[in-house]
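**Q** Sending over a structure as structure tokens; questions will come in a sec.
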Amino acid sequence: MQLIKDKQVIQDSWIYILDETPLDADYIIVPLVRWQQERDQLSKIKHLGLRLEADVILEDIVDDLSHFQLVELFIPVFTDGRAFTHARLLRSRYGFTGDIRVSGDFMRDQVFYLNRVGVSSFELNDQDNAQQVIQSMDDFSVDSQESVA
Amino acid sequence: MYQYNDKDQTLIDERVIQFRDQTERFLKGEIAEDKYRALRLMNGVYIQTHAPLLRVAGPYGLLSSKQLRKLASIARDYDKGFCHFTTRQNIQFNWPALERVPDILEELASVQMHAIQTSGNCLRNTTTDQLAGVAVDELEDPRPYCEIIRQWTIFHPEFAYLPRKFKIAVSGSEQDRAAIRFHDIGLQLVKNDQGETGFQVFVGGGLGRTPIIGQVIRPFLEKKHLLSYLEAILRVYNLYGRRDNKYKARIKILVREAGLAEVRQKVEAEWALIQDKLELSAERISDIQAQFTPPEYQANAAQDTSHAENIATNTDFATWIKHNTAEHKTDGYRAVYISLKAPDSPPGDCTHTQLDAIADMADQYSFGMIRSTHRQNLVLADVKQADLFAVWQKLDTLKCATPNIGKATDMICCPGLDYCGLANAGSIGVAQEINDMLDSIDYVHDLGDLKINISGCMNGCAHQSVGHIGILGVDKKGVEWYQVTLGGSSENDAAIGDRLGPAVSKEDITPTIKILLDVYIEQRLNEEESFLATVRRVGVAPFKEKTYATH
Ligand code: SF4
Chain A
1 MQLIKDKQVI QDSWIYILDE TPLDADYIIV PLVRWQQERD QLSKIKHLGL
51 RLEADVILED IVDDLSHFQL VELFIPVFTD GRAFTHARLL RSRYGFTGDI
101 RVSGDFMRDQ VFYLNRVGVS SFELNDQDNA QQVIQSMDDF SVDSQESVA
Chain B
1001 MYQYNDKDQT LIDERVIQFR DQTERFLKGE IAEDKYRALR LMNGVYIQTH
1051 APLLRVAGPY GLLSSKQLRK LASIARDYDK GFCHFTTRQN IQFNWPALER
1101 VPDILEELAS VQMHAIQTSG NCLRNTTTDQ LAGVAVDELE DPRPYCEIIR
1151 QWTIFHPEFA YLPRKFKIAV SGSEQDRAAI RFHDIGLQLV KNDQGETGFQ
1201 VFVGGGLGRT PIIGQVIRPF LEKKHLLSYL EAILRVYNLY GRRDNKYKAR
1251 IKILVREAGL AEVRQKVEAE WALIQDKLEL SAERISDIQA QFTPPEYQAN
1301 AAQDTSHAEN IATNTDFATW IKHNTAEHKT DGYRAVYISL KAPDSPPGDC
1351 THTQLDAIAD MADQYSFGMI RSTHRQNLVL ADVKQADLFA VWQKLDTLKC
1401 ATPNIGKATD MICCPGLDYC GLANAGSIGV AQEINDMLDS IDYVHDLGDL
1451 KINISGCMNG CAHQSVGHIG ILGVDKKGVE WYQVTLGGSS ENDAAIGDRL
1501 GPAVSKEDIT PTIKILLDVY IEQRLNEEES FLATVRRVGV APFKEKTYAT
1551 H
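Set out below in structure tokens:
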């Protein structure tokens, strides 16, 4: 799959591994439950990512952040704005410097905001309009609040 | 008045480009209906019965004459020649074509106006007292804080997709004219024991289906912490507000379900972490205050004697002064209400000719500024007493001098069945009928202060639940009925009205109002006792008895 990272279209090298699937890839994203259950084994993996759902309580995982190179925020429906807060807090409060990725039902018209709250990669849900998505990150050249990009 | 800097202007210009693109993509079928819906709403575009409705932001109700003329020309060129002022100090056009909305936005941007965040589940226009800066009971002008909040809310990246809409109101006066207790956040400027001015913060108020009075979450907030505290509340709301049911998604429900104590604890914990980062410097506050300095009042304005003579010799003028003008901080000046509640026109509507003429009057008599009010009228805030007679005469020719401000015919009324796709029942027609029934202005004056609010459905856009008399349109098997409440108030004595009894039919609604007024006249202790005070003293029972006895 393609994705946008740092405003470039790239091939996604990460694999999302569901609860039961064996861990046989180099770049692995796991759901929170799995991390909680198999923490010891998973911490040995070099390239590990964590997928968070919109109802996650960030405080529960912030102590573990150093294990992850990537945090994926899954947006169940585009109107659910919790990921915007999660991204912002991961960056500015909890000092997460890895890749923050969004996936799910976000839309092009939201990437300007997502970019500003610290999201660094976007899993495309519509593979055709990657260039337009990148363009939309610059829909506005000015802003009235601080960004945490 | 706050003047846009380059950044503000760039932002709204770029918004026009963005919205044009979104609309073109939608019209070409490239954006799904539900997604475009969210996008257009955040730009004030509703699709309703006849055509889209465009809601334009009136930041804290302050408009320049130039902006008013622009609204007039838009009403002429894109609409049917009029616009509508809303209860949140915004401006609505009822008949624009969707394809032309981007052009309207471009026109608006040329006079520092826009429709950003006037609808949708986001931070909405911040409202305030229409007498801000001139009210005699004012501690401090709230508008600079409204402007600071405006800048913070516009395209706030974290809070653009909230569980539900979010409204903030600020009051700087003792008398609450901005309904701050019925906003998601209400801010009241107060002094603490040390004599410092700050904000009392209310949270969780709201109208609509579930009217709730806001509660004090923080009795005193230092000014420098204004934005950090707002941000803390918004963050807690964004994370914990319900998203499973749109009728339970407002912060008022979070406060009700979790309890004020828990919400406060979460907010304060969040605030502790961010208050240093978002601190407002004294310079920033004073820079913004500098944009709201009082105009150059004439020092000798109070020496004019013509005003007193005119009052003594012209009773119509004297009546108008009494009901439609308000005291002013500065000697020799008064604030003038422009009544948009003439008997034969829909409440809050204003034609392009009226808009143009009012703009001219603002230039001539009131430093070029106009305000819109929470009760859907306009205000010229700084009129010299020597000019009042001429202003009255001109307003009279515009049909904007009905001496009814705060009286029974100064009704708040939503568009109802005439325009709104959600309506259960007509509201403008009911307002019209009540107006016809109250045909004698002496009778209206005898009834004293009386707020009648009429909404066409449960959504309560016209705030019927806080009307002294509230009228709510309900649908009974496809027929229009009306539920009546008594004793509500959106002011300092905030209250939600009590139900009179079973809903009444369309034929009976105006006669019912007449009965209520008769009962009031009969029950009041004297002419000084207002309708609201009487209802509070005697309760709903005597009103109920009379109403249902005759049906
Ligand atoms: S109260 Fe109901 S009918 Fe009236 S404008 Fe609001 S949604 Fe429409």
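Chains A and B, in that order, are what the protein sequence lines are. If you read the first sequence in my numbering, its first letter stands for residue 1, the second for the next number, and so on. If you read the second sequence in my numbering, its first letter stands for residue 1001, the second for the next number, and so on. Note that the Cβ used here is the ideal one computed from N, Cα and C, for glycine as well.
How long is the line joining the alpha carbons of residue 1525 of chain B and residue 1534 of chain B, rounded to whole angstroms?
**A** The alpha-carbon atoms of residue 1525 of chain B and residue 1534 of chain B are separated by roughly 8 Å.
**Q** Is the closest heavy atom of the ligand SF4 to the C-beta of residue 1415 of chain B under 7 Å?
**A** Answer for residue 1415 of chain B: yes, Cβ within range of the ligand SF4.
**Q** Could you tell me the alpha carbon to alpha carbon distance between residue 105 of chain A and residue 1162 of chain B, rounded to whole angstroms?
**A** Cα to Cα, the separation comes out at about 16 Å.
**Q** Could you spell out the range, first to last residue, of the beta strand (DSSP E) harbouring residue 131 of chain A?
**A** Careful: residue 131 of chain A lies outside any beta strand (DSSP E), inside the alpha helix (DSSP H) at 130-136.
**Q** What does residue 1156 of chain B reach in chain A if we use C-beta pairs closer than 7 Å?
**A** What residue 1156 of chain B touches in chain A: 145.
**Q** From the DSSP secondary-structure annotation, give me the bridge partner or partners of residue 1495 of chain B.
**A** B/1489.
**Q** Since residue 107 of chain A contacts residue 1266 of chain B with CB under 8 Å, what's their CB separation in whole angstroms?
**A** Incorrect: roughly 30 Å between the Cβ atoms, too far for contact.
**Q** Could you name the residues that DSSP lists as bridge partners for residue 123 of chain A?
**A** In the DSSP output, where bridge partners are listed per residue, residue 123 of chain A has A/3.
**Q** Confirm the yes/no value for this check: CB of residue 1459 of chain B, any heavy atom of the ligand SF4, distance under 7 Å.
**A** At least one heavy atom of the ligand SF4 is nearer than 7 Å to the Cβ of residue 1459 of chain B, so yes.
**Q** Quick check: what's the CA-CA separation for residue 1087 of chain B versus residue 10 of chain A?
**A** When rounded, the distance between both Cα atoms is 50 Å.
**Q** Pull up the CB-CB distance for residue 1332 of chain B and residue 1301 of chain B, whole angstroms please, since I reckon it's below 8 Å.
**A** That pair is a contact at about 3 Å.
**Q** Could you tell me whether the Cβ atoms of residue 1468 of chain B and residue 1487 of chain B are closer together than 8 Å?
**A** Yes; because the gap between Cβ atoms is below 8 Å, this pair is in contact.
**Q** Looking at the strands, I want to know which residues DSSP matches up with residue 103 of chain A.
**A** Answer is A/74, bridged to residue 103 of chain A.
**Q** Under 8 Å, Cβ to Cβ, is there at least one residue of chain B near residue 94 of chain A?
**A** It does not: the Cβ of residue 94 of chain A has no partner Cβ on chain B nearer than 8 Å.
**Q** Please compile the residues from chain A whose C-beta is within a distance smaller than 7 Å of the C-beta of residue 1235 of chain B.
**A** By Cβ distance, chain A contributes 85.
**Q** Report all residues from its chain with a CB closer than 6 Å to the CB of residue 1166 of chain B; omit the five preceding and five following residues, and keep chain order.
**A** Around residue 1166 of chain B: 1123 and 1184.
**Q** For residue 83 of chain A and residue 75 of chain A, which I take to be in contact (beta-carbon distance under 8 Å), what is that distance rounded to the nearest angstrom?
**A** Confirmed, Cβ separation roughly 5 Å.
**Q** Looking at chain B, which residues of the stretch 99-119 of chain A have a Cβ within less than 7 Å of any of its Cβ atoms?
**A** Of all residues in the stretch 99-119 of chain A, 107, 109, 113, 116 and 117 have a Cβ within less than 7 Å of some Cβ in chain B.
**Q** What separation, rounded to the nearest whole angstrom, lies between the Cα atoms of residue 1264 of chain B and residue 73 of chain A?
**A** Approximately 28 Å between the Cα atoms of the pair.
**Q** Does the beta-carbon of residue 1420 of chain B, which I'm using as the reference point, lie nearer than 7 Å to any heavy atom of the ligand SF4?
**A** At least one heavy atom of the ligand SF4 is nearer than 7 Å to the Cβ of residue 1420 of chain B, so yes.
**Q** Counting only beta-carbon separations shorter than 8 Å, does residue 74 of chain A have a partner in chain B?
**A** Judged by the 8 Å Cβ criterion, residue 74 of chain A is not in contact with chain B.
**Q** Along the chain, where does the beta strand (DSSP E) containing residue 1335 of chain B start, and where does it finish?
**A** Where residue 1335 of chain B is concerned, the enclosing beta strand (DSSP E) stretches over 1333-1338.
**Q** Using a Cβ-Cβ cut-off of less than 7 Å, list which residues of the stretch 1400-1433 of chain B approach chain A; keep chain order.
**A** Listed by position, the residues of the stretch 1400-1433 of chain B near chain A (Cβ gap below 7 Å) amount to none.
**Q** Measuring only the C-alpha atoms, how far is residue 1393 of chain B from residue 1381 of chain B?
**A** So the alpha carbons of these two residues sit roughly 17 Å apart.
**Q** Using CA coordinates, which residue listed in B/1538, B/1523 and B/1504 is at the minimum distance from residue 1548 of chain B?
**A** Per the Cα distances, B/1504.
**Q** If we call anything under 8 Å between Cβ atoms a contact, is residue 1270 of chain B one with residue 1235 of chain B?
**A** For residue 1270 of chain B and residue 1235 of chain B, yes; Cβs fall inside 8 Å.
**Q** Could you have a look at residue 1186 of chain B and say whether DSSP puts it in helix, strand or coil?
**A** Residue 1186 of chain B: strand per DSSP, three-state reduction.
**Q** Can you name, in chain order, every residue of its own chain whose Cβ lies under 6 Å from the Cβ of residue 1354 of chain B, other than the five neighbours on each side?
**A** Only 1398 meet the Cβ criterion.
**Q** What are the start and end residues of the alpha helix (DSSP H) that includes residue 1042 of chain B?
**A** That residue, residue 1042 of chain B, is in no alpha helix (DSSP H); it is neither H nor E in DSSP.
**Q** Which of helix, strand or coil does DSSP assign to residue 47 of chain A?
**A** Looking at residue 47 of chain A - three-state DSSP - the assignment turns out to be strand.
**Q** Compare the C-beta of residue 1063 of chain B against all C-beta atoms of chain A and say whether one is closer than 8 Å.
**A** Output row for residue 1063 of chain B: interface = no.
**Q** For residue 1013 of chain B, tell me which candidate among B/1455, B/1116, B/1074 and B/1492 has the shortest Cα-Cα distance.
**A** The shortest Cα separation from residue 1013 of chain B among B/1455, B/1116, B/1074 and B/1492 belongs to B/1116.
**Q** Output the distance between the C-alpha atoms of residue 1367 of chain B and residue 1295 of chain B, rounded to the nearest integer angstrom.
**A** Roughly 7 Å separates the two Cα atoms.
**Q** Can you give the beta carbon distance from residue 1112 of chain B to residue 1061 of chain B, rounded, assuming they're within the 8 Å contact cut?
**A** About 15 Å; that fails the 8 Å criterion.
**Q** Please list, in chain order, the chain A residues whose beta carbon lies closer than 8 Å to that of residue 1162 of chain B.
**A** Correct list: 81.
**Q** Terminal residues of the continuous alpha helix (DSSP H) containing residue 1306 of chain B?
**A** Segment 1306-1313, the alpha helix (DSSP H) holding residue 1306 of chain B.
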